[in-house]
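So for the sequence shown, the UniProt record's numbering puts the first residue at 1; every next one is plus one. Every residue, glycine too, gets a C-beta built ideally from N, C-alpha and C. Predicted model, so just to flag it, every value in this text is computed and none were measured.
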Amino acid sequence: MPEQTQAQTKTQTLPDVRKTVTVAATPDDCFKVFTERPARWWPPTHILVRKERAGLAFEEGVGGRYYEWDVEGTEAVWGRVLEWVPGRRLSMTWRIDPNWQSIPTDEGASQIEVDFEAVDAEHTKVSLAHVKLDRHGPGAERIFKALDGPSPGETLERFARAIAEVAAEAVAEAEAASVTEGAGA
């Protein structure tokens with residue numbers, strides 16, 4: 001048998017962390033809220049900027065960044081988009097170190113995978129997975145322990161709430177438009 005290098009024999013020792021939630025929305029609507037309205041669901045304690053956060057955004061498409069900026073315009077990049085399939089899947093790197101600080105490149109970053117699967121015409125199962133956690137190096141076990149726990153977890157719980165709020169806002173807007181149209185008749 002040929003001699004293997006250390007890199008070839010290294011195997012993943014930390015399992016993936018997977019969480020799911022089912023929401024009353026289509027996969028397309030879920031993808032839009034996830035990528036176009038991250039401030040609606042992003043946990044407020046998950047912050048990399050040093051001053052007050054002013055915004056969060058995803059840049060559309062493979063290679064796009066997802067990042068936040070503070071009130072002075074200073075940006076912190078959470079990672080880069082690896083897969084962008086509207087209504088189906090989003091995957092990206094996760095640029096944090098074991099001390100929950102930003103790292104400047106994808107070297108040492110794990111990955112986040114988000115899948116949107118139709119359950120029926122009105123419901124979607126949203127799955128979020130933290131994978132390749134070993135890439136965080138020494139201290140990766142702390143990250144795993146912090147993420148591991150029951151579904152849906154804080155992020156997907158907040159996402160489900162955001163979906164419900166966006167749906168309620170759409171109904172209220174439709175009702176208001178109906179009243180306005182009725183008043184003009």
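(request) Count the CB pairs spanning the segment 52-66 and the segment 79-93 that are closer than 8 Å, and state whether there are at least three. (result) Three or more pairs of CB atoms, one per stretch, sit closer than 8 Å, so the segment 52-66 contacts the segment 79-93.
(request) Could you tell me which residues DSSP pairs with residue 91 in its beta bridges? (result) For residue 91, the pairing in a beta bridge is given by DSSP as 83 and 113.
(message) Mapping the DSSP letters down to three states, classify residue 46 as helix, strand or coil.
(response) coil
(message) On the DSSP bridge list, what partners appear for residue 55?
(response) 69
(message) My output table needs one value for residue 18: the three-state DSSP class, helix, strand or coil.
(response) strand
(request) Determine, using beta-carbon pairs with one atom in the segment 71-82 and one in the segment 106-114, whether at least three such pairs fall under 8 Å. (result) Pairwise C-beta distances place the segment 71-82 in contact with the segment 106-114, as three or more of them are shorter than 8 Å.
(message) Suppose contacts are defined by Cβ-Cβ distances below 9 Å. Is residue 49 in contact with residue 40 by that definition?
(response) no
(request) Please state whether DSSP places residue 239 in a helix, a strand or coil. (result) The question about residue 239 has no answer here: the residues shown for the chain are numbered 1 through 185.
(message) Cutting at 6 Å between CB atoms, please list the residues of its own chain near residue 19, excluding the five before and the five after it.
(response) 128, 151, 152, 153 and 156
(message) One question on the structure: do residue 29 and residue 166 come within less than 9 Å of each other, judged by their Cβ atoms?
(response) yes
(request) Please state whether DSSP places residue 29 in a helix, a strand or coil. (result) Here residue 29 carries a helix assignment [DSSP, helix/strand/coil].
(request) Label residue 35 either buried or exposed according to how many other C-beta atoms from any shown protein chain fall within 10 Å of its C-beta, with 16 as the threshold for buried. (result) If you draw a 10 Å sphere on the C-beta of residue 35, you find 16 or more other C-beta atoms in it, and that means buried.
(message) Residues in the same chain with beta-carbon distance under 7 Å from residue 72, minus the five sequence neighbours each way, listed in chain order, please.
(response) 51
(message) Helix, strand or coil for residue 103? Go by DSSP, reduced to three states.
(response) coil
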